[in-house]
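Novice: Provided herewith is a single structure, encoded as structure tokens, for subsequent inquiry.
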Amino acid sequence: MKITFRLILSLLGCAILITAIFTYIQVKHEEQHLTGELNRRMSGIAAGMEAAVADYLEAGSRERLRTYVEQYTTRDPSISIAVYDHQEAFTDGDGWNDSSRQIQSKYILKSRAGRSDVSGYEYLAGARYFIFALPIYRGEEFIGRLLLGTDASYIDDRISEIWRNSLVQLLMLSLLIILTTVIVMRGSITGPIAQIASWLQGIRLGKDRQPMNMPRGDILGPLAREVTLLTKNLALARASAEAEARLRVESESTWTSQRLRETIRQELGSRNLYIISNREPYMHQRKGGETSCIVPAGGLVTALDPVMRASGGVWIAHGSGNADVENSDRDGKLRVPPEEPCYTLKRVWLTKAEEEGYYYGFSNEGIWPLCHITHTRPIFRPDDWSDYQSVNQKFADAVLDEIRGEDEPTVLIQDYHFALLPYLIKSKRPDARVAIFWHIPWPNPESFGICPWKREILIGLLSADLVGFQIQYHCNNFLETVDRFLESKIDWEEFSITRNDHRTSVKPFPISVAFPALHEPEGKGEAAKASLVRKTVQELGKSIEFLGVGIDRIDYTKGIAERYKAIERFFYKYPEFKERVTFVELGAPSRTHIKRYHDLLAEIEAAASDINWRLQTAKWTPIVYFEAHHNHVTINLLYKASRFCMVTSLHDGMNLVAKEFVASRDDEDGVLILSQFTGAVRELQDALVVNPYDIEEMADAIYRAVTMPDTERSDRMRRMRAQLKEHNIYRWAGNLISTLCRIRVKIPSPQEVA
Ligand code: G6P
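Under numbering that gives the first Met the number 0, the first residue of the sequence shown is numbered 0, with each subsequent residue one higher.
Here is the structure:
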């Protein structure tokens, strides 16, 4: 507005100046014109009177002169006449007022200078008068002087009228100037500028990305063009800044659920992530008329639930809970986690016979002992194999159903229950990106070679685009196994296998846990169920100097019996710690339908009571054993209350209890005793590493744990936490999904599809 105001002021100033100059010229011109007219009129009158006045003056006839003058003034009263003789004495006159004498004298003086007439304006009683003086000669003789006067105030009126008209014109012009300026400024300058400003603001705030719409040839057109170019550059700069930020995110060492979400969004766009596992992440169990939703024990669920929470998508798993059906919709679906639903769980229903053959039989009596070197003999029954095949097909149908209509879906298969699934999916959907992650160890070719269906299993796995293992050593074993039993091309540099024109990458992805540890709320009734454990832990915490902890799914691979032996040995070897150390074991029963596992439950229980029977005192129990499934809150409580945690697996793909213990110790205290046969030992090198078959070494490790100085304990824990912080579950999932998404899948031609 300021500029409009200034422009109006300057234009008005110019208009006033020009109007004033022109009006002045007009006034002068008019004055000249009217003076000329007056002059002509007066000289005409004077010329008419000159001869007669000369006669009367020569004759000295004052009477007749008077009559003559009176006749004149009577005929034309606007004229005043004065006659002076040759001695400049007033002889006669009429029509003057008294104050005019002085003026007459002035004109007499003025006209003495020559023979010609003299005229001019004078003001008498405020009114303009025109005075005309004519010297009268006869020959060379000066006879007298004639003075004429007339009212010329009409000239002032005329001049005033001219000024008045000009003022009116000026006012109208000013109005026009103001209006025109405002309209032009609004239309061509301030309006478009406001438009550009709001467009620029939109661009700055990232709301507007359209090019500026400025009419061609407009006054601000060139500016708009430049600004458009500038904003294009800004958009480019912004895009490259975003790309840089993305790269930064990619190169940052700390992975968070947020970063995983961002990575998945970048890699998958709007597509879903499909995870398939045997074990479901949430299981509905009915006991004594009460239904509860539990999180099953085991590393796979521990690891993948945070991934699905971050990515969303569909998790397809066996609905194994006895109240699962009532708690799912008609398609077997429900949104989970129950307290904060963010992904879909699709449950696949299996018959008892299918579960028996596929899960208990082939998966857990066949492949599980085949892959874990614990000297437990695998059992391969043809019927189990046939169930394994049909259940894999059942899951394949469920997956194919879910991914129908989605191009290049991303499918992450979990574990040894689904070795055939990659083949069953890829043969129907070659555009799908399929990875299988093998959570358990992969044995050497000699060990694997005893499986009667080794070729089918390998062919099934090699249909995946990516096969992931926990550690490089398992990848090596896998490549050697394929090399031994299948016709294929193995690239030992790239770690890939090409068979029948299809390439499979084989890579290690060490699985982990959420870091910092997730603090989930407890399910309904869970606290009550866990109250005995908590009470015991709290009481022990008060009465016992050092608590040790073991948390396991009860499995012969976990080395629980060996651990107990080491605890007993510790008390014999270091008796000063009797009544000062208690070991709390939380054992979650698992696969109890299998005899080996069923027997193990009793063995573990018996081993603990035997030791207690031998060592316990009235106020002390060396091993407190709880056989139950426990929730995260209880487990965390125990982790935090403990001086040391024992993970003594005889063979383990990774073992996430070790990592969970470290993740939970935000007080940077506690000692981890870790088996050298776990995958985790490669990352957690500040643990006290033990051979679970060496009871003496384990007993000494317990002694070191309870006698370790504070600083060493916290140094070791701090280093392990730093490792875990960097290599957490989000990094595992991010790397696995990014690697899979960057694999180029072969899209079949329409002929191939037909
Ligand atoms: C291991 C396996 C998982 C399995 C878990 C629990 O961690 O790698 O696939 O889910 O044990 O075993 P379960 O048989 O109870 O599912």
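Beta carbons: idealized from backbone N, C-alpha and C, even for Gly.
The ligand G6P and Arg278: does any heavy atom of the ligand fall closer than 7 Å to the residue's C-beta?
Specialist: Yes, the Cβ of Arg278 comes within 7 Å of a heavy atom of the ligand G6P.
Novice: For the beta strand (DSSP E) containing Gly35, name the first residue and the last one.
Specialist: From DSSP, Gly35 is part of no beta strand (DSSP E) but of the alpha helix (DSSP H) over Lys1 to Ala58.
Novice: According to DSSP, is Met697 part of a helix, a strand, or is it coil?
Specialist: Met697 falls in the helix class under three-state DSSP.
Novice: Pop quiz: Ile603 and Asn611 are said to be a contact at Cβ under 8 Å. What is the actual Cβ separation, rounded to whole angstroms?
Specialist: Not quite, the Cβ-Cβ distance comes to about 13 Å (not below 8 Å), so this is no contact.
Novice: Measuring only the C-alpha atoms, how far is Ala397 from Ala700?
Specialist: Near 49 Å, if we compare the C-alpha coordinates of Ala700 and Ala397.
Novice: Alpha carbons only, please: which of Leu723, Ile593 and Ile275 is nearest the one belonging to Ala662?
Specialist: Minimum Cα distance to Ala662 is reached at Leu723.
Novice: Give a single yes or no on whether Ala320 has its beta carbon closer than 7 Å to a heavy atom of the ligand G6P.
Specialist: In the sequence on display, residue 320 carries Gly and not Ala. Gly320 Cβ: outside cutoff for every heavy atom of the ligand G6P.
Novice: Got a sec: does the ligand G6P put a non-hydrogen atom nearer than 7 Å to the Cβ of Ser389?
Specialist: No, since every heavy atom of the ligand G6P falls outside the 7 Å radius drawn around the Cβ of Ser389.
Novice: Would you kindly work out how many angstroms separate the C-alpha atoms of Ala418 and Leu460, rounded to a whole number?
Specialist: Whole-angstrom Cα-Cα distance: 6 Å.
Novice: In the structure shown, what three-state DSSP assignment does Phe379 receive?
Specialist: Phe379: coil per DSSP, three-state reduction.
Novice: DSSP puts Lys557 in a beta bridge; with which residues?
Specialist: DSSP lists no partner for Lys557.
Novice: Hey, would you say Tyr359 sits closer than 8 Å to Arg703, going by beta carbons?
Specialist: No; because the gap between Cβ atoms is not below 8 Å, this pair is not in contact.
Novice: Taking only three categories from DSSP, how would you classify Cys644?
Specialist: Cys644: strand per DSSP, three-state reduction.
Novice: Does the stretch 687-699 come into contact with the stretch 477-487, if we say contact requires no fewer than three beta-carbon pairs (one atom in each stretch) closer than 8 Å?
Specialist: The stretch 687-699 vs the stretch 477-487: no contact.
Novice: Could you tell me which whole beta strand (DSSP E) segments of length 3 or greater appear in the stretch 415-471?
Specialist: If we require 3 residues or more, the beta strand (DSSP E) runs fully inside the stretch 415-471 come out as 432-437 and 465-468.
Novice: Could you say which of Val532, Ile366, Arg403 and Pro408 lies nearest to Cys450 if we only look at CA atoms?
Specialist: Residue Ile366 is the option with its Cα nearest to Cys450.
Novice: CA-CA distance, Asp482 and Lys488?
Specialist: In a straight line, the C-alpha of Asp482 is about 8 Å away from that of Lys488.
Novice: In angstroms, rounded to a whole number, what distance separates the CA positions of Arg743 and Arg502?
Specialist: Roughly 10 Å between the two C-alpha positions.
Novice: What would DSSP say about Trp612, mapped onto helix, strand or coil?
Specialist: Helix, per DSSP.
Novice: From the DSSP output, which residues share a beta bridge with Ile550?
Specialist: Paired residue(s): Leu585.
Novice: If you reduce the DSSP assignment to three classes, tell me which class Glu121 lands in.
Specialist: DSSP places Glu121 in strand when its eight states are reduced to three.
Novice: Beta-carbon within less than 7 Å of Ile202's beta-carbon, same chain only, minus the 5 sequence neighbours each way: which residues are those?
Specialist: Answer for Ile202: Thr230 and Leu233, listed in chain order.
Novice: Use the C-beta contact count for Lys345: other C-beta atoms within 10 angstroms, 16 or more gives buried, fewer gives exposed.
Specialist: When all chains shown are included, Lys345 counts as buried.
Novice: What does the Cβ neighbour count give for Gln86, buried or exposed, with the cut at 16 atoms within 10 Å?
Specialist: Gln86 comes out exposed.
Novice: How would you label Phe4, buried or exposed, when you count the other beta carbons within 10 angstroms and need 16 or more for buried?
Specialist: With fewer than 16 Cβ atoms within 10 Å of its Cβ, Phe4 is classed as exposed.
Novice: So the beta strand (DSSP E) Ala302 belongs to, where does it begin and stop?
Specialist: Run containing Ala302: none in the beta strand (DSSP E); it sits in the alpha helix (DSSP H), Gly298 to Ser310.
Novice: Would you report the Cα separation of Cys341 and Ala587, rounded to the nearest angstrom?
Specialist: For Cys341 and Ala587, the distance between alpha carbons rounds to 27 Å.
Novice: Compute the minimum distance between the beta carbon of Arg552 and the heavy atoms of the ligand G6P, and state whether it is under 7 Å.
Specialist: Arg552 Cβ: within cutoff of the ligand G6P.
Novice: My understanding is that His283 touches Gly320, with C-beta atoms under 8 Å, so please give their C-beta distance in whole angstroms.
Specialist: Going by Cβ atoms, the distance from His283 to Gly320 rounds to 4 Å, so yes, they are a contact pair.
Novice: For Gly586, is the beta carbon positioned less than 7 Å from some heavy atom of the ligand G6P?
Specialist: Not under cutoff, so the answer is no.
Novice: What is the rounded straight-line gap between the Cα of Ser542 and the Cα of Arg579?
Specialist: One C-alpha to the other measures close to 8 Å.
Novice: For the candidate residues Pro515, His32 and Glu355, whose alpha-carbon lies nearest to that of Ile728?
Specialist: It is Pro515.
Novice: Ala126 by DSSP, collapsed to three states: which one?
Specialist: Ala126 falls in the strand class under three-state DSSP.
Novice: What's the call for Gly143, buried or exposed, on a 16-neighbour Cβ count within 10 Å?
Specialist: Flag for Gly143 reads buried.
Novice: Could you tell me the distance, in whole angstroms, from the CA atom of Ile323 to the CA atom of Pro295?
Specialist: Note on residue identity: the sequence assigns Asp, not Ile, to residue 323. Looking at the two C-alpha atoms, the distance is approximately 13 Å.
Novice: According to DSSP, simplified to helix, strand and coil, what is Glu544?
Specialist: Coil at Glu544, not helix or strand.
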